[in-house]
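In UniProt numbering, the protein residues as written are 1 to 222.
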């Protein structure tokens, strides 16, 4: 029964597999994902704001390919920090300091619970489309259900995609650096955790190798 449910779920996912830090979709398209840092625009001086706007406009004007900007807001998970405080409380010999730590721990816990502190993460998705690969409407049977695997061999798709994606990635990283932002490509494990958290938003657990089977056909951790 579990196998049938998993198979049914996979049929509705666009992801075929994650390999060599790239996301392969069932229609033959491929994407890489960059995670970027952020700046507080309101804290910049007027000159710095103007320079940032100018650099961002330059980034957009320099693009000869499409990108997608994703902003994810998640409730801040402070369980690890609370565990750290608990360990400090246990190890502190001073009763006075221990009481202060307990008060501080309760304050942090209440603050996050009452105000729903959110953590924002910023991503840039760089696609290699199925059209660039040479896939047309005639490639797939129009009367058949949605494709469950790419139309070509995975190694062939990866070779073609890498030739297009890596120069685009390097260009975006350079352009973001001009704005004062650092961009870094997500690795295979990081991609797995990202998509697992998207498809399982009620769970805060980190994806394991067994759980990743629900994301796509398989995962290559190279």
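Glycine included, C-beta positions come from ideal geometry on N, C-alpha and C.
{"Item": "Other residues of its chain near residue 130: CB distance less than 7 angstroms, five sequence neighbours each side excluded", "Value": "27, 28 and 29"}
{"Item": "Sub-8 angstroms separation of residue 108 and residue 34 beta-carbons", "Value": "no"}
{"Item": "Same chain, Cβ closer than 7 angstroms to residue 69, five either side skipped, listed in chain order", "Value": "124"}
{"Item": "Where residue 122 sits in the DSSP three-state scheme", "Value": "strand"}
{"Item": "Buried versus exposed call for residue 198 [16 or more other C-beta atoms within 10 Å across all chains shown]", "Value": "exposed"}
{"Item": "Contact check, residue 182 vs residue 52, beta carbons under 8 angstroms", "Value": "no"}
{"Item": "Buried or exposed by the 16-neighbour rule on C-beta atoms within 10 Å, applied to residue 1", "Value": "In this prediction, residue 1 scores a pLDDT of 47, lower than 50, which makes its location untrustworthy; the coordinate-derived value is nonetheless stated afterwards. Looking at its Cβ environment, which holds fewer than 16 other Cβ atoms inside 10 Å, residue 1 is exposed."}
{"Item": "Whole-angstrom distance between residue 187 and residue 13, CA atom to CA atom", "Value": "20 angstroms"}
{"Item": "Of the residues 195, 46, 165 and 193, the one placed nearest residue 67, counting alpha carbons only", "Value": "165"}
{"Item": "CB contact flag (residue 102, residue 88, <8 angstroms)", "Value": "no"}
{"Item": "Enclosing alpha helix (DSSP H) for residue 57 [first to last residue]", "Value": "46-62"}
{"Item": "Residues that DSSP places opposite residue 184 in a beta bridge", "Value": "35"}
{"Item": "Residue 30 - partner residues in DSSP beta bridges", "Value": "24 and 128"}
{"Item": "Inter-residue spacing [alpha-carbon to alpha-carbon] between residue 95 and residue 111", "Value": "24 angstroms"}
{"Item": "Contact under 8 angstroms by Cβ, residue 32 with residue 174", "Value": "no"}
{"Item": "Per-residue burial, residue 221 [other beta carbons within 10 Å of its own, 16 or more giving buried]", "Value": "Residue placement at residue 221 is poorly supported in this model, since its pLDDT is 47, which falls under 50; the coordinates still yield a value, given next. Flag for residue 221 reads exposed."}
{"Item": "Identity of the residue in 192, 133 and 120 nearest residue 155 by Cα", "Value": "133"}
{"Item": "Close Cβ partners of residue 205 (< 7 angstroms) along its chain, the five nearest in sequence each way excluded", "Value": "Any answer about residue 205 is weak, because its pLDDT of 45 lies below 50 and its placement is not dependable; what the coordinates show is given next. Excluding sequence neighbours, residue 205 sits near nothing in its chain."}
{"Item": "Three-state class that DSSP yields for residue 101 in the structure shown", "Value": "helix"}
{"Item": "Burial state of residue 106, where buried means 16 or more other Cβ atoms lie within 10 Å", "Value": "exposed"}
{"Item": "Per-residue burial, residue 11 [other beta carbons within 10 Å of its own, 16 or more giving buried]", "Value": "exposed"}
{"Item": "Classification of residue 91 by the beta-carbon crowding that lies within 10 angstroms, buried from 16 upward", "Value": "exposed"}
{"Item": "For residue 109, three-class secondary structure by DSSP", "Value": "helix"}
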